[in-house]
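Asks: When we follow our numbering, the leftmost residue of the sequence shown carries the number 337, and every step to the right adds one. Using N, Cα and C, we set each Cβ at its ideal position, and we do this for glycine too.
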Amino acid sequence: MTYILKPRLHHPSLTPNKVGYTRRDYEGKVSTLCAGCGHDSISAAIVQACWELDIEPHRVAKLSGIGCSSKTPDYFLGASHGFNTVHGRMPSVLTGANLANRDLLYLGVSGDGDSASIGLGQFSHSMRRGVRMVYIVENNGVYGLTKGQFSATADQGS
Numbered sequence: 337m338t339y340i341l342k343p344r345l346h347h348p349s350l351t352p353n354k355v356g357y358t359r360r361d362y363e364g365k366v367s368t369l370c371a372g373c374g375h376d377s378i379s380a381a382i383v384q385a386c387w388e389l390d391i392e393p394h395r396v397a398k399l400s401g402i403g404c405s406s407k408t409p410d411y412f413l414g415a416s417h418g419f420n421t422v423h424g425r426m427p428s429v430l431t432g433a434n435l436a437n438r439d440l441l442y443l444g445v446s447g448d449g450d451s452a453s454i455g456l457g458q459f460s461h462s463m464r465r466g467v468r469m470v471y472i473v474e475n476n477g478v479y480g481l482t483k484g485q486f487s488a489t490a491d492q493g494s
């Protein structure tokens, strides 16, 4: 598969935030996710929030598990630290990274399968421990990579 780099044009009218970054400085690669799935909207919201909150991209560590949600960290904060973990184990890896370096903002992105099925124990224990992180669950009610198999968060009776 060939990837085309996103153009990095800095137009003079792009407004910098208080730390000197424009909104484009918070973007990542061009998305390869299915059109209309919603993950790109989440990435766009993360980009907007980090720009508005004046968060420096290099001060963020983004972690993910496996599945469609594991691709999304590639699409925002291209200058930040990133790590894909094994299925369901992102909260534990994030906890360890947080203990090693408390100076970073930790952003965990996980799917409903990663958080509510195989990773439910990891997810609940990280909440119980009060790990300092932002944890985003991208819940679509299905395992997207298996083409629509219902997940633990699917609506009852569906």
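1. When DSSP labels each residue in this structure, what does D397 get in the three-state scheme?
2. Skipping 5 residues on each side, what residues in its chain have a beta carbon closer than 7 Å to that of M337?
3. Around the C-beta of Q458, are 16 or more other C-beta atoms found within 10 angstroms, so that it is buried, or is it exposed?
4. Which residue from M463, V366 and G356 puts its Cα closest to that of P414?
5. If we ignore side chains and look at the alpha-carbon of each, how far apart do Y479 and S453 end up?
6. Between which two residues does the beta strand (DSSP E) holding H417 run?
7. Nearest by alpha-carbon distance to G449: which of Y362, G401, C370 and D410 is it?
8. Out of S451, E363 and S379, state which residue places its alpha-carbon closest to the alpha-carbon of R315.
9. What does the alpha-carbon distance come out to for the pair T427 and V470?
10. Kindly identify the DSSP beta-bridge partner or partners of Y479.
11. Within 10 angstroms of the Cβ of G444, are there 16 or more other Cβ atoms? Answer buried if so, exposed if not.
12. Helix, strand or coil for M337 per DSSP?
13. Nearest-angstrom Cα distance between P393 and I382?
14. Just to confirm before moving on: does the CB-CB distance between N353 and D390 stay below 8 Å?
15. Let me know the secondary structure DSSP gives R465 once reduced to three states.
Replies: So, from the listed chains and residues:
1. The sequence shown places Ala at residue 397, rather than the Asp named in the question. Three-state result, A397: strand.
2. Residue placement at M337 is poorly supported in this model, since its pLDDT is 48, which falls under 50; the coordinates are not used for a value here.
3. buried
4. Pro is not the amino acid found at residue 414; the sequence shown has Gly there. When each option's Cα is compared against that of G414, the closest is V366.
5. 11 Å
6. H417 to N420
7. G401
8. No statement about residue 315 is possible, as the shown extent of the chain runs from 337 to 494 and does not include it.
9. The sequence shown places Pro at residue 427, not Thr. C-alpha separation (whole angstroms): 11 Å.
10. Q485
11. buried
12. For M337, the predicted model reports a pLDDT of 48, less than 50, meaning its position is unreliable; a value from the coordinates is still stated below. In the structure shown, M337 sits in coil (DSSP, three-state: anything other than H, G, I, E or B).
13. 11 Å
14. yes
15. helix
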